[in-house]
Every structure is written in structure tokens, then in C-alpha cells.
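Read top to bottom, the protein sequences are chains A and B. By the count of the numbering used here, the first sequence reaches residue 158 at its end, each step adding exactly one. By the count of the numbering used here, the second sequence reaches residue 158 at its end, each step adding exactly one.
Protein chains: 2
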Amino acid sequence: MTELRSFDESLPMALLNAREAAMARFRPLLARHDLTEQQWRVLRALGAESTPVDAGTLVDSTSLQAPSLSRILANLSDRQLIDRTSSSSDQRRAVISLSEQGAALVAAVAPESETIYAQIERQFGGDRLGHLLGELHDLAASLEQPAPERQ
Amino acid sequence: MTELRSFDESLPMALLNAREAAMARFRPLLARHDLTEQQWRVLRALGAESTPVDAGTLVDSTSLQAPSLSRILANLSDRQLIDRTSSSSDQRRAVISLSEQGAALVAAVAPESETIYAQIERQFGGDRLGHLLGELHDLAASLEQPAPERQ
DNA sequence: GCAAATTACTTAACATGTGTAATATATCTC
DNA sequence: GAGATATATTACACATGTTAAGTAATTTGC
Numbered sequence: 008m009t010e011l012r013s014f015d016e017s018l019p020m021a022l023l024n025a026r027e028a029a030m031a032r033f034r035p036l037l038a039r040h041d042l043t044e045q046q047w048r049v050l051r052a053l054g055a056e057s058t059p060v061d062a063g064t065l066v067d068s069t070s071l072q073a074p075s076l077s078r079i080l081a082n083l084s085d086r087q088l089i090d091r092t093s094s095s096s097d098q099r100r101a102v103i104s105l106s107e108q109g110a111a112l113v114a115a116v117a118p119e120s121e122t123i124y125a126q127i128e129r130q131f132g133g134d135r136l137g138h139l140l141g142e143l144h145d146l147a148a149s150l151e152q153p154a155p156e157r158q
Numbered sequence: 008m009t010e011l012r013s014f015d016e017s018l019p020m021a022l023l024n025a026r027e028a029a030m031a032r033f034r035p036l037l038a039r040h041d042l043t044e045q046q047w048r049v050l051r052a053l054g055a056e057s058t059p060v061d062a063g064t065l066v067d068s069t070s071l072q073a074p075s076l077s078r079i080l081a082n083l084s085d086r087q088l089i090d091r092t093s094s095s096s097d098q099r100r101a102v103i104s105l106s107e108q109g110a111a112l113v114a115a116v117a118p119e120s121e122t123i124y125a126q127i128e129r130q131f132g133g134d135r136l137g138h139l140l141g142e143l144h145d146l147a148a149s150l151e152q153p154a155p156e157r158q
């Protein structure tokens with residue numbers, strides 16, 4: 008009989024717990040600004056771009072599903088945090104950018120977010136955290152490769 | 008002006024992406040057995056216990072909220088995957104254990120899960136993965152400590 | 001140049017989950 | 001026994017995942 012590995016040895020559970028613990032630090036900040044995690048992911052992604060992006064790009068960079076993103080964009084647009092137009096060369100494409108208000112919100116959240124991040128680095132160790140980040144990226148990259156056939 | 012750290016440097020995003028990548032490997036397995044991630048977390052937690060547990064214990068071990076757990080238990084109970092009684096010594100306490108069917112389901116999923124896990128270890132390196140798990144546990148542990156006051 | 005296929009995005013519908021608050025019900029404390 | 005506390009469930013409002021269908025714009029093949 009195959010023994011199932013314990014909770015502690017489960018990679019998905021370890022990742023979930025670590026993320027939960029990290030988000031617990033950030034969630035109050037987002038709540039103060041009436042933002043869900045996903046809404047913040049979108050605003051953050053937009054803030055990272057120097058030029059307006061289309062919805063497909065956002066789907067990729069935020070790891071959200073297209074229907075979820077549509078709803079979130081509608082919400083952010085209602086709140087006037089983003090501007091939406093359509094590409095002149097391809098009118099199917101939505102072109103999205105931070106509005107002035109949206110940019111101001113990102114600018115307001117950023118320093119608080121960095122403060123929290125600095126706390127985490129002090130507690131866990133900056134170098135150690137940097138190394139962990141690298142490992143997480145590598146792990147995600149190898150997992151995105153198809154599983155090799157067993158020889 | 009505070010520059011927001013890029014997506015790549017964000018710990019929550021890195022954890023989310025890594026978890027997504029990992030779950031992508033496991034999700035088809037769960038789907039074949041008509042289980043959501045959370046339902047599986049509960050069954051797995053129950054499978055790990057040698058004795059029946061109460062709902063509060065499950066809340067802790069699965070990182071689910073009590074109301075979510077209640078609904079999930081109702082669902083699993085409808086599907087006869089768990090048995091629920093109440094403690095004779097304290098009738099507020101729900102006493103939950105895997106049913107015979109539930110144990111059979113866990114036993115059916117376990118070997119497939121281990122196969123997937125072994126693939127991940129082959130791709131990423133077993134030692135490296137073990138070390139990463141340790142770091143994730145440590146990170147979660149330090150994050151669960153209250154943030155120290157800045158000196 | 002036009003019908004058919006494709007692409008990009010949106011909308012709908014449904015199930016599930018989160019988060020907070022309110023509600024039994026049982027137990028404990030005085 | 002009255003009131004406080006603990007355990008679990010229920011209720012509600014909302015966000016998200018997922019699948020499917022819909023709309024409009026563009027490209028392709030003839």
C-alpha cells in the first residue's frame with residue numbers, strides 16, 4: 008500500500024502555507040485600500056508597464072483567467088483606476104493603462120508594501136530570501152516543462 | 008518616490024506562481040476523482056490522523072476557515088466519504104473520520120500523487136526540493152511571528 | 001471580394017471559496 | 001440556575017474558477 012506523504016512533506020501545502028503567512032502581512036494594507044489580491048495584481052502589473060498593455064498580456068502576467076480579468080477590469084474601470092480604449096490597429100484589442108488615480112493609488116501603496124517587505128527581509132534574512140526567490144522561480148520554470156516520460 | 012519592486016522580486020507572486028505550477032500537475036488527478044483542492048486537503052488531513060478528529064483540529068491542519076470547512080464536511084458527508092458523529096463527552100464537538108469509501112478514495116489517489124511527486128523530484132532534484140521545503144517551513148514560521156518593531 | 005475560420009475579449013451561469021456576522025447548542029463558572 | 005464561553009453551523013455579500021456561449025474584428029482561402 009502506498010503511504011501518502013505527510014502534510015509537512017507536501018510541496019503544494021508548503022507553498023500554500025508560506026504564501027498564506029506572507030499574505031497575512033500584506034492583506035491589511037490591501038484591505039485599507041479596498042483592494043483584493045487579484046485587483047492589486049492587475050494594478051501592480053499595469054504599474055510595472057511603461058506603455059499600455061492589452062488584456063491578453065495581463066492574463067499572462069497576472070496568471071488570471073480571461074473571464075476573471077474581464078470582471079476585474081470592469082470593476083477597476085468603474086472605480087476609475089484604469090483607462091480602457093481599444094487599439095486603433097486592431098479594434099478587438101483592449102488597451103489598458105493606469106489612470107491618474109490608479110497611478111496615485113499604486114504610488115500610495117508602494118511604500119507601505121516596501122516597508123512590510125523590509126520587515127520580512129530583516130526577519131528571514133535578505134540573502135536567504137533572495138536565494139529562496141531564485142529557487143521558486145527555477146521550480147516554477149521546471150514545472151512548466153512537460154513532465155518527462157519515465158524511462 | 009518609492010519604486011515598487013518588480014513582479015519577479017515579489018515573494019507572494021513567486022509563491023503563487025510556484026504553487027500554480029505545482030498544482031497544475033496535480034489538478035487533473037483531483038479532477039478525475041471529482042475533488043477540489045480544499046476537499047482533498049480535508050481528506051488528506053483525515054487520512055493522516057490515526058484517530059477521529061474534531062472540526063477545530065481540521066481548521067488548523069487544513070488552513071481553511073471554519074465556515075468553509077463546515078460546507079466541505081457537509082459535501083463530503085453527502086458523498087459518504089466521511090463519517091460524522093459527535094463526541095459523547097462534549098456534544099458540541101463534531102467527530103470526523105474517513106469512511107470506508109473515503110479511505111478507499113485516499114488510498115486510490117495516493118499512489119498517483121506519489122508518482123507525480125517523484126516526477127517533480129526527478130526534474131528539480133530531490134535534495135534541492137527537500138532543502139526548498141525546509142526553507143518554506145522556516146519562512147512560514149518566521150512570518151507567523153509578529154513583525155518586530157523597527158528599531 | 002467575400003464566406004468561413006480564427007482571434008480577442010466579454011458575458012453568463014454555476015459551483016466553490018472567503019470573510020464577517022449572526023445563530024443554535026452545549027458546556028462551564030459562579 | 002443565570003450568564004458567560006466554546007464549538008460548530010448558517011446566512012449573507014462578494015470574489016473567483018471554470019466552462020460555455022456570444023460578439024465583434026480580423027485573417028484566410030478560394
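Beta carbons are placed, not taken as given, at the ideal position from N, Cα and C, and that holds for glycine. Please read all numbers here as calculations on a predicted model, not as lab measurements.
Using three-state DSSP, classify A:D61 as helix, strand or coil. In the structure shown, A:D61 sits in a strand (DSSP, three-state: E or B).
Where DSSP assigns a beta bridge to A:A101, which residues make up the other side? DSSP lists A:S93 as partners of A:A101.
Suppose the cutoff is 6 Å on Cβ atoms and the five residues either side in sequence are ignored; what does the same chain contact list for B:L146 look like? Excluding five sequence positions before and after B:L146, none of the CB atoms of its chain fall closer than 6 Å to its own CB.
Looking at the C-beta of A:E142, does it have a partner C-beta in chain B at a distance below 8 Å? The C-beta of A:E142 comes closer than 8 Å to at least one C-beta of chain B.
Using a Cβ-Cβ cut-off of 8 Å, state whether B:L23 counts as contacting chain A. Residue contact with chain A for B:L23: present (Cβ-Cβ distance below 8 Å to some residue of chain A).
Residue-level contact to chain B via CB, A:L136, 8 Å cutoff: Yes - at least one Cβ of chain B is within 8 Å of the one on A:L136.
What are the start and end residues of the alpha helix (DSSP H) that includes A:T43? Careful: A:T43 lies outside any alpha helix (DSSP H) and carries neither H nor E.
State buried or exposed for B:E44, treating a residue as buried only when at least 16 other CB atoms are found within 10 Å of its CB. Counting the other Cβ atoms within 10 Å of the Cβ of B:E44 gives fewer than 16, which makes it exposed.
Pairwise C-alpha distance: B:V113 and B:R32: Rounded to the nearest angstrom, the two C-alpha atoms are 18 Å apart.
Rounded straight-line distance, which links the Cα of B:M30 to that of A:Q158: Reliability fails at A:Q158, whose pLDDT of 44 lies under 50, so the model's placement of it is uncertain and no value is given.
Contacts of B:I127 in chain A (Cβ-Cβ under 9 Å): For the C-beta of B:I127, the chain A residues within less than 9 Å are, from N- to C-terminus, L18, L146, S149, L150 and A154.
Closest Cα partner of A:D41 within the set A:V116, A:S104, A:N24 and A:A52: For A:D41, the nearest C-alpha among the options comes from A:V116.
List the endpoints of the continuous alpha helix (DSSP H) containing A:G141. Bounds of the alpha helix (DSSP H) holding A:G141 are G133 to E151.
Closer than 8 Å by beta-carbon distance: list the chain B residues that pair up with A:S57, in chain order. Residues of chain B passing the Cβ test: none, with the nearest at roughly 12 Å.
To the nearest angstrom, how far is the alpha carbon of A:Q72 from that of A:G63? When rounded, the distance between both Cα atoms is 10 Å.
Is it buried or exposed, A:E16, if we count other Cβ atoms within 10 angstroms and call 16 or more buried? Exposed, because fewer than 16 other Cβ atoms sit within 10 Å of the Cβ of A:E16.
Give me the chain B residues within the contact set of A:E107, using Cβ-Cβ distance strictly less than 7 Å, ordered along the chain. Among the residues of chain B, none has a CB under 7 Å from the CB of A:E107; the nearest is roughly 15 Å distant.
For the region 68-96 of chain A, enumerate the residues whose C-beta is nearer than 8 Å to any C-beta of chain B, in chain order. The residues in question are S68 and S70.
Which class does A:Q158 belong to by DSSP, given the choice of helix, strand or coil? Annotation note: pLDDT 44 at A:Q158 (below 50); position unreliable, coordinate value reported separately. Looking at A:Q158 - three-state DSSP - the assignment turns out to be coil, as it is neither helix nor strand.
Kindly give me the distance between the Cβ atoms of A:S149 and B:Q130, rounded to whole angstroms, as I take these residues to be in contact under 8 Å. That belief holds up - the Cβ atoms of A:S149 and B:Q130 are roughly 5 Å apart, short of 8 Å.
Might you give, ordered along the chain, the residues of its own chain that have their beta carbon closer than 8 Å to the beta carbon of B:I103, omitting 5 neighbours on each side? For B:I103, where only same-chain residues beyond five positions count, the Cβ hits under 8 Å are L53, P59, V60, D61, A62, L65, L80, I89, D90 and R91.
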